[in-house]
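For the sequence shown, this note's numbering gives the first residue as 1191, with consecutive numbering after it. Even glycine gets a Cβ: it sits at the ideal position worked out from N, Cα and C. If you're wondering where the values come from, they're calculated on a predicted model, not measured in any experiment. Scroll down for the structure; my scribbles are underneath it.
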Amino acid sequence: CAFFVTVVDLIHFEHHPVTEANSIMISITGNCLSLTQPLYFTSVETLMGILSLSVLPPPPPPPTVSIFVSMSSSADIISTVEFNHTGELLATGDKGGRVVIFQREPESKTEPFSQGEYNVYSTFQSHEPEFDYLKSLEIEEKINKIRWLPQQNAAHFLLSTNDKTIKLWKVSERDKRPEGYNLKDEEGRIKDISTVTSLQVPVLKPMDLMVEVSPRRVFANAHTYHVNSISVNSDYETYMSADDLRINLWHLDITDRSFNIVDIKPANMEDLTEVITAAEFHPHHCNLFVYSSSKGTLRLCDMREAALCDKHSKLFEEPEDPSARSFFSEIISSVSDVKFSHSGRYLLTRDYLTAKVWDLNMESKPLETYQVHDYLRSKLCSLYENDCIFDKFECAWNGSDSVIMTGAYNNFFRMFDRNTKRDVTLEASRESSKPRAVLKPRRVCAAGGKRRKDDISVDSLDFTKKILHTAWHPNENIIAIAATNNLYIFQDKLNSEMH
């Protein structure tokens, strides 16, 4: 099989036309076994290569990389990425308050290499900068989170939030327009009734497809602190929003009130020891939700027990090794993201150095711990000085909960196969997509260690290039990687001529 890399330019995420710049062929090794029932095996060197030595359905599709690039100011830095429930739409939010929606193109028999690519579907301004005059506080327009609602009809709905205000948006298509009104002319002006001498039935005439985005609800004035999470409940009627000290429960049809379900604010703020860092509803049980804290703990709460869930049902916490404690211990143990698995059985968390998988039935320690970039332990002092130690990395499950993904520095991202315990480091950068270049796994060696060819020293890492936001297609091996103001989409594509 082979990799094909398509590089696409998109300036400011505002220009809808997307032009193909070039195609790069990258050879990858693969092993095929001839059996009664053909079986295919892949190696860890493949793009989605964490499925090492696992049987895949024949034939294994060659992956393709589509790269959407936005080059501009800090307002274009991507701050969130989210697939919808079918994976056909992908939404990104940026620091400028814009939301860009990409739509997956239908498969084409005439152009097999362009099938399934994501192109710009709609762009709109979700939030504007505001100023709180009572507190003399400027409210950024940056989009912190986007969450899709399950599709109920032809339209799509999504929630977007900045630090204070959550908005519900409707995304719909219109390809017909009504004509032949009795009381309006073609330009929409009201006719003089005295000139109407006959009645006609209005008809719908075809028109060019138009994507309309309209705000349906605005949920405001409920958070004193910065909103860090929103999560749609499995009942599809409610959602929750979390800030540093409180979690609120909203009904999607009610904007003027919400119910406070978690409040960890102490009576005296000097007694504050931890803050809420992330929160998410269980994917199947509408009464369960989990939230993480800056102390590295997870609390599972059941809304059936009490209206105010200050007392958790389960506490997930890993005992700290006293011999390994340092000045940075509490900072690097802070959980930056928490995700339920699709099955609802496991929790995936990300702290500064590790990704951990927890079993809901075992609170004492994580089921699995994966070192994301352990080579940075010797650099914690300098990372503290340049504030990188406070970066909030996100994590993601694949559709079958067998592989996890998270970001790192130098535009690297990591994948871990839970079954084979194999891992791979890949790079999302335009520089690596030169003609005839081979897209290979990357390896970082610790300072002073033995370096092999193509190894990267930890001293050479660029800490300004970081992958904080990632998303995985709910059903397929398609991933979205946000690297500052660049969006990379890696996807498997089937080309029968190559097999």
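Going by beta carbon distance, what residues of the same chain come within less than 6 Å of Leu1435, once the five residues before and after it are set aside?
-> Within the sequence shown, numbered from 1, the residue matching residue 1435 stands at position 245. Listed in chain order, the non-local C-beta contacts of Leu1435 below 6 Å within the same chain comprise Tyr1415, Ile1454, Lys1455, local neighbours out to five positions each way being set aside.
Sheet register partners of Glu1402 (DSSP bridge) = As a working note, residue 1402 is residue 212 in the sequence shown. Beta-bridge pairing links Glu1402 to Ser1362.
Per-residue burial, Ala1670 [other beta carbons within 10 Å of its own, 16 or more giving buried] | Residue 1670 sits at position 480 when you count from the first residue of the sequence shown. Ala1670 comes out buried.
Just the C-alpha distance for Leu1505 and Asn1458, rounded to the nearest angstrom, thanks.
-> Against the sequence shown, residue 1505 aligns to sequence position 315. Against the sequence shown, residue 1458 aligns to sequence position 268. Answer to the nearest angstrom: the Cα atoms are 24 Å apart.
When DSSP builds the beta bridges, which residues end up paired with Pro1368?
-> Here residue 1368 corresponds to residue number 178 of the sequence shown, with the count starting at 1. Partner(s): Leu1394.
For Ser1448, the first and last residue of its enclosing beta strand (DSSP E) | Residue numbering aside, residue 1448 sits at position 258 when the sequence shown is read from its first letter. For Ser1448, no beta strand (DSSP E) segment is defined, and its DSSP state is neither H nor E.
Ser1516 versus Phe1603: straight-line alpha-carbon distance, rounded = Locating residue 1516 in the sequence shown gives position 326, where the first residue counts as 1. Locating residue 1603 in the sequence shown gives position 413, where the first residue counts as 1. Computed Cα separation, rounded: 27 Å.
Ignoring anything shorter than 4 residues or poking outside the segment 1497-1565, list the alpha helix (DSSP H) runs there in chain order.
-> Within the segment 1497-1565, the complete alpha helix (DSSP H) runs of at least 4 residues are 1519-1523.
If we call anything under 7 Å between Cβ atoms a contact, is Asn1274 one with Trp1338?
-> As a working note, residue 1274 is residue 84 in the sequence shown. As a working note, residue 1338 is residue 148 in the sequence shown. Yes.
Hey, could you find the ends of the beta strand (DSSP E) Tyr1308 is sitting in?
-> In the sequence shown, residue 1308 corresponds to position 118, counting from 1. Unbroken beta strand (DSSP E) run through Tyr1308: 1308-1315.
Taking Cβ positions, are Asp1607 and Val1593 nearer each other than 7 Å?
-> Within the sequence shown, residue 1607 is the residue found at index 417, counting from 1. Within the sequence shown, residue 1593 is the residue found at index 403, counting from 1. Cβ distance < 7 Å, so Asp1607 and Val1593 count as in contact.
Under a three-way DSSP split, which group does Met1459 fall into?
-> As a first step, residue 1459 must be located in the sequence shown, where it is residue number 269. If DSSP states are grouped into helix, strand and coil, Met1459 belongs with the helices.
How long is the line joining the alpha carbons of Ser1484 and Ala1598, rounded to whole angstroms?
-> For the purposes of this step, residue 1484 is identified with residue 294 of the sequence shown, where counting begins at 1. For the purposes of this step, residue 1598 is identified with residue 408 of the sequence shown, where counting begins at 1. Ser1484 and Ala1598: Cα-Cα distance of roughly 19 Å.
Please look up how many angstroms separate the CB atoms of Ser1316 and Arg1294, rounded, as I've assumed it's under 8 Å.
-> Here the question's residue 1316 lines up with position 126 in the sequence shown. Here the question's residue 1294 lines up with position 104 in the sequence shown. Actually they do not touch by this definition, with Cβ atoms about 22 Å apart.
Can you grab the Cα-Cα spacing for the pair Glu1297 / Ser1269, in whole Å?
-> For the purposes of this step, residue 1297 is taken as the residue at position 107 of the sequence shown. For the purposes of this step, residue 1269 is taken as the residue at position 79 of the sequence shown. Roughly 30 Å between the two C-alpha positions.
Return helix, strand or coil for Ile1594, following the three-state DSSP convention.
-> Numbered from its first residue, the sequence shown carries residue 1594 at position 404. In the three-state reduction of the DSSP assignment, Ile1594 falls in the strand class, which pools E and B.
Exposure of Cys1571, with buried meaning 16 or more beta-carbon neighbours within 10 Å | The residue labelled residue 1571 in the question sits at position 381 within the sequence shown. By the 10 Å Cβ count, Cys1571 comes out exposed.
Paired residues, beta bridge with His1474 - DSSP = Residue numbering aside, residue 1474 sits at position 284 when the sequence shown is read from its first letter. Beta-bridge pairing links His1474 to no other residue.
Starting from the Cα of His1472, find the closest Cα among Val1401, Lys1569, Tyr1536, Ser1312 and give me that residue.
-> Looking up residue 1472 in the sequence shown gives position 282. Considering only alpha carbons, the answer is Tyr1536.
Can you tell which of Asn1588, Ile1451, Leu1658 has the C-alpha that lies nearest to the C-alpha of Pro1664?
-> Taking the sequence shown and counting its residues from 1, one reaches residue 1664 at position 474. The option with the nearest alpha carbon to Pro1664 is Asn1588.
Please classify Glu1331: is it buried, with 16 or more other beta-carbons within 10 angstroms of its beta-carbon, or exposed?
-> By 1-based counting over the sequence shown, the position of residue 1331 is 141. Residue burial is scored here from C-beta neighbours: Glu1331 has at least 16 other C-beta atoms within 10 angstroms and is therefore classed as buried.
Are Val1452 and Ser1482 touching if we call contact CB-CB under 7 Å?
-> Here the question's residue 1452 lines up with position 262 in the sequence shown. Here the question's residue 1482 lines up with position 292 in the sequence shown. Taking 7 Å as the Cβ cut-off, Val1452 and Ser1482 do not qualify as a contacting pair.
Paired residues, beta bridge with Lys1357 - DSSP = Here the question's residue 1357 lines up with position 167 in the sequence shown. The partner list for Lys1357 (beta bridge, DSSP) reads Ser1350, Val1408.
Do you know how far the Cα of Ala1432 is from the Cα of Ile1466?
-> Locating residue 1466 in the sequence shown gives position 276, where the first residue counts as 1. Locating residue 1432 in the sequence shown gives position 242, where the first residue counts as 1. Cα-Cα distance, rounded: 8 Å.
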